[in-house]
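Some notes on the structure that comes next.
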Amino acid sequence: MANRFEGKVVLIIGAATGIGKAAALAFAKEGAQLVLSAYRTPPDVVDEINAAGGVASAVKLDVGDEESVKSAIATVVERHGRLDVAFNNAGSLPVTKPLADFTSEEFEHTLRVDLKGTFLAMKYEIQQMLKQGGGSIINTGSIVSVVADPGMAPYVAAKHGVLGLTRGAALEYAEKNIRINTLAPGLVETPMTARWLADPGFRAVVVGQNAVHRTGRPEEIAGMVLYLASDDASFTTGGVFLVDGGQSAH
Ligand SMILES: NC(=O)c1ccc[n+]([C@@H]2O[C@H](COP(=O)([O-])OP(=O)(O)OC[C@H]3O[C@@H](n4cnc5c(N)ncnc54)[C@H](O)[C@@H]3O)[C@@H](O)[C@H]2O)c1
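Number 155 in numbering that gives the first Met the number 0 belongs to position 156 of the sequence shown; there are no gaps in the numbering.
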């Protein structure tokens with residue numbers, strides 16, 4: 000087993016379930032000191048990691064609230080002295096409907112969590128990484144950072160925006176030894192997609208859209224997160240990394 004994150008401090012925002020939880024477990028196996036954000040209740044995965052001999056703690060955070068994000072990142076630094084890797088993974092998927100049927104409140108909620116949240120997290124993470132001389136940031140976009148699906152225009156806009164924030168900031172901070180990349184998952188079986196995938200007709204349609212004709216498992220996404228976070232990816236910044244079962248090849 001590689002120990003790429005021995006002595007490294009890793010913050011995961013949106014770590015309670017799904018992709019964030021799978022990444023937390025994978026980072027812990029490779030020696031990371033983890034701070035996992037809790038939006039509503041502390042993630043169970045904190046206890047799971049500590050019981051297995053790892054190092055994890057929780058920090059309360061609402062990613063759309065600037066004071067909350069700023070204070071959570073300050074807490075990481077108080078606890079561990081630095082922040083080597085940040086995985087900005089919080090997301091909120093609206094109900095599926097055509098653009099003209101969305102209310103402005105629904106639009107603003109999606110933008111608040113998926114786009115403004117990524118901006119706020121990056122802002123305070125980068126400030127810390129500049130002080131310590133570098134770091135790696137991974138922002139969770141989506142396959143809809145680069146293409147679109149019908150019925151989710153606000154989410155498509157937010158996830159395109161995540162790629163824009165990644166690219167813009169990657170150019171600004173590469174010389175400061177801060178790498179910033181976008182992770183772009185396809186359809187993954189998580190609490191976020193559970194309500195869609197519970198409908199057998201819908202499931203059949205969506206798994207038909209990729210080349211492997213199945214959903215992804217969160218663990219299959221975590222490997223890319225760890226790669227981008229690690230020194231293995233030292234020549235990688237400003238990129239978008241699709242893990243989508245071949246969906247984007249269509
Ligand atoms: N599951 C998929 O098919 C898929 C595909 C592409 C992209 N994504 C993206 O992957 C990321 C993880 O999603 P997931 O599928 O694992 O779902 P999930 O519901 O398990 O995870 C979403 C996480 O975001 C957190 N969160 C939501 N609102 C928050 C807020 N205001 N402040 C702080 N945290 C908040 C939740 O607590 C949870 O930990 C999201 O950004 C999602 O948009 C998912």
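Ideal Cβ placement from N, Cα and C applies to all residues, glycine included.
Fair warning: this is a prediction, and the values are worked out from it, not measured in the lab.
For residue i, the residue or residues it bridges with in DSSP
| i | result |
| --- | --- |
| Ile-179 | Ile-136 |
| Ala-37 | Lys-59 |
| Ala-85 | Leu-10 and Ile-136 |
| Gly-215 | Val-187 |
| Gln-126 | Gln-126 pairs with nothing; no bridge assigned. |
| Val-54 | Gln-32 |
8 Å contact criterion, which residue i and residue j should meet: CB distance rounded
| i | j | result |
| --- | --- | --- |
| Thr-109 | Asn-138 | Actually they do not touch by this definition, with Cβ atoms about 16 Å apart. |
| Val-145 | Val-242 | At roughly 13 Å, the Cβ-Cβ gap does not stay under 8 Å, so Val-145 and Val-242 are not in contact. |
| Pro-93 | Glu-105 | 5 Å |
| Arg-213 | Val-206 | 6 Å |
| Glu-124 | Leu-82 | 6 Å |
Rounded straight-line distance, which links the Cα of residue j to that of residue i
| i | j | result |
| --- | --- | --- |
| Phe-201 | Ala-248 | 21 Å |
| Glu-174 | Val-224 | 22 Å |
| Ala-27 | Ser-135 | 17 Å |
| Ser-233 | Ala-169 | 13 Å |
| Pro-42 | Gly-17 | 11 Å |
| Lys-7 | Glu-47 | 19 Å |
| Gln-126 | His-79 | 16 Å |
| Met-121 | Ala-37 | 18 Å |
| Val-44 | Ala-50 | 10 Å |
| Gly-167 | Asn-209 | 30 Å |
| Val-155 | Val-161 | 10 Å |
| Ala-31 | Arg-216 | 22 Å |
| Thr-165 | Asp-198 | 34 Å |
| Asn-176 | Gly-133 | 5 Å |
| Ala-228 | Asp-61 | 23 Å |
| Asp-100 | Glu-107 | 14 Å |
| Gly-53 | Ala-147 | 39 Å |
| Ile-179 | Arg-194 | 31 Å |
Residue range of the beta strand (DSSP E) that includes residue i
| i | result |
| --- | --- |
| Leu-10 | 8-12 |
| Phe-240 | 239-242 |
Proximal residues to residue i (C-beta, below 6 Å), its chain only, five neighbours per side dropped
| i | result |
| --- | --- |
| Leu-119 | Glu-65 and Val-68 |
| Val-34 | Leu-10, Ser-56, Val-58 and Val-75 |
Spatial neighbours of residue i in its chain, beta-carbon cut-off 8 Å, leaving aside the 5 residues before and after
| i | result |
| --- | --- |
| Ile-220 | Ile-18, Ala-21, Ala-22, Leu-182, Pro-184, Val-187 and Val-242 |
| Asp-230 | Arg-3 |
| Gln-246 | Ile-142, Gly-185, Leu-186, Gln-208, Asn-209 and Ala-210 |
Continuous alpha helix (DSSP H) stretch holding residue i: start and end
| i | result |
| --- | --- |
| Glu-77 | 65-79 |
| Lys-115 | From DSSP, Lys-115 is part of no alpha helix (DSSP H); its letter is neither H nor E. |
| Arg-202 | 199-206 |
| Thr-165 | 152-172 |
| Leu-24 | 17-28 |
| Leu-110 | 103-110 |
| Asn-2 | First-last for Asn-2: undefined, no H or E at that position. |
| Ala-50 | 44-50 |
Close Cβ partners of residue i (< 7 Å) along its chain, the five nearest in sequence each way excluded
| i | result |
| --- | --- |
| Gly-63 | Arg-111, Val-112, Lys-115 and Gly-116 |
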